[in-house]
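First the structure, in the form of structure tokens, and then the observations on it.
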Ligand code: HEC
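Residue numbers (the working numbering): 134 to 264.
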């Protein structure tokens, strides 16, 4: 079979592009899902604290313990052993974004951005006593 010279020249390039795309795809699919992209520094924790005071205290209390002046049987967020829905950063993110149990509402649409939710995650984990 006789291929036009141009096609012959283009073939190795196409192969290279294809395997490049394939490689990117493999790297992409083998990466762990969405690790917390927001470092838990003081600025992030204080942003989270502000959002918490704004939206979360009526059920979780100002200190997150859900003991005084709260209207529902919410989780004591200061005690990781009390959590029902997991304590990894991603678990907590999911509880906030999509809701948890029957009475924890989803906040995804009310909070401004994913970063806002990660700030909350960082704030909540800052409430845990150091083991
Ligand atoms: C209307 C009351 C209410 C509000 C407001 C509320 N929560 Fe909750 N939250 C709950 C309840 C109730 C639970 C326990 C759900 C269950 O039974 O699993 C909960 C659970 C959670 C959990 C999962 C803990 C676990 O048990 O694994 C997190 C994290 C959380 N809330 C964070 C927040 C944050 C952050 C806010 C503010 C953006 C917020 N909550 C606002 C009621 C509320």
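Beta carbons: idealized from backbone N, C-alpha and C, even for Gly.
The C-beta distance from residue 203 to residue 193 rounds to 7 Å, short enough to fall under 8 Å.
In the three-state DSSP reduction, residue 173 falls in the coil class, being neither helix nor strand.
In this structure, DSSP gives residue 233 an extended state, which the three-state scheme calls strand.
Between residue 213 and residue 251, the C-beta spacing is not below 7 Å. Counting along the chain, residue 190 sits inside the alpha helix (DSSP H) bounded by residues 190-193. 7 Å or more divides the Cβ of residue 211 from the Cβ of residue 195.
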